[in-house]
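In the numbering used here, the protein residues as written are 623 to 857. Here a beta-carbon is modelled for each residue, glycine too, at the ideal position from N, C-alpha and C. Accompanying notes for the structure given below.
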Amino acid sequence: MGRAAMVVLAACFVALLLLSGLVSVGAAPTGDQIAARVTEKLKQIQTVQADIVAEFSEGPGKSVVKMGIRVTADRAAKLTRMEITQHPVFEGQIMILDTKNDQATVYMPVTGQAFRGKTASIAAQLGFDLGTLDLNELLSMDPKNLLSCTFLRQETINRLPYYVVETRPKVAEAGPGVQLVWVDAETYIVYKVEMYDAEGSKVASVTFDSFQIDIKLDANKIKELPRGTKVTEIK
């Protein structure tokens with residue numbers, strides 16, 4: 623998987639930080655208020671399941687690639703699962719992060735194989751820091767960890783009001799650019815995230831088709847692989 627695609631996956635989780643409980647409709651929130659209230663609200667969230675549509679480019683002049691992703695995470699069990707539901711090449715690929723046991727698993731649908739090992743070992747194979755996908759780490763959004771978080775404006779999309787927030791998080795994988803986040807002003811759920819590089823060019827966007835929190839999850843289902851999968855242990 624290309625680095626741009628992996629960055630989008632990380633950004634999907636970073637976007638989870640920008641949910642809910644920000645301010646009442648009609649109020650003009652400040653960046654500091656948003657960061658503080660999001661931090662307080664997200665400390666209460668235990669489980670997340672979201673269907674995400676991501677669009678990104680692997681580089682200048684290259685066509686935009688669309689990717690569908692289902693994300694499932696259980697904070698108490700320290701489990702995170704990502705399944706690619708739409709992509710011209712990677713559809714069906716599954717990534718599972720078991721932070722409690724320092725274990726990561728990647729399933730490749732083309733070969734019917736999965737690779738499992740220490741998080742660092744699998745990350746080395748992928749060329750990507752899987753630690754950024756840990757829900758406990760991502761839910762620890764603290765204002766001091768943000769370069770900036772600024773309320774820009776309110777927009778109406780399909781007759782619904784949205785807050786637009788600009789963030790510059792200290793996440794290496796996100797690069798030096800900014801993220802624009804659209805938050806439903808009535809339900810306080812993230813609707814869309816756009817990512818820009820240092821030159822101001824849009825490199826990716828993430829739209830949440832559905833988002834559920836604090837639902838009952840089965841840890842075994844989160845770790846489940848397709849029947850007949852051959853698992854190779856990576857030392």
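For residue 717, the closest C-alpha among the options 733, 711, 694 is that of 694. A direct Cα-Cα distance of roughly 14 Å separates residue 825 from residue 689. Rounded to the nearest whole angstrom, the C-alpha separation of residue 837 and residue 666 is 13 Å.
Linking residue 726 to residue 692 through their CA atoms gives a straight-line distance of about 17 Å. Excluding sequence positions up to five before and after residue 770, its CB lies within less than 8 Å of the CB of 653, 788, 789, 790, all in the same chain and listed in chain order. Taking the Cα positions, residue 819 is about 9 Å away from residue 801. The Cβ-Cβ distance between residue 697 and residue 845 does not fall below 9 Å. In the DSSP assignment, residue 827 is bridged to 677, 816.
Looking at 711, 774, 806, 773, the one whose alpha-carbon comes closest to that of residue 782 is 806. By the neighbour-count criterion, in which 16 or more other beta carbons inside 10 Å mark a residue as buried, residue 828 falls on the buried side. According to DSSP, residue 790 shares a beta bridge with 770. Residue 850 counts as exposed, since fewer than 16 other beta carbons sit within 10 angstroms of its beta carbon.
Pairing residue 855 with residue 738 gives a Cβ-Cβ distance under 9 Å. Each residue's CA atom was taken as its position, placing residue 719 and residue 700 some 8 Å apart.
Between residue 672 and residue 830 the beta-carbon gap is near 6 Å, inside 8 Å, which marks them as a contact. In this structure residue 707 does not touch residue 724 by the C-beta definition: roughly 27 Å separates them, more than the 8 Å allowed.
At the C-beta level, residue 803 and residue 833 stay beyond 9 Å of one another. Ranking 735, 705, 685 by CA distance to the CA of residue 853 puts 735 first.
According to the DSSP secondary-structure assignment, residue 702 is paired through a beta bridge with 695, 719. Take the alpha-carbon of residue 772 and the one of residue 655: they are about 9 Å apart. DSSP places residue 741 in the helix class (H, G or I) of the three-state scheme.
Excluding its 5 nearest sequence neighbours in each direction, residue 713 has C-beta neighbours in its own chain below 6 Å: 706, listed in chain order.
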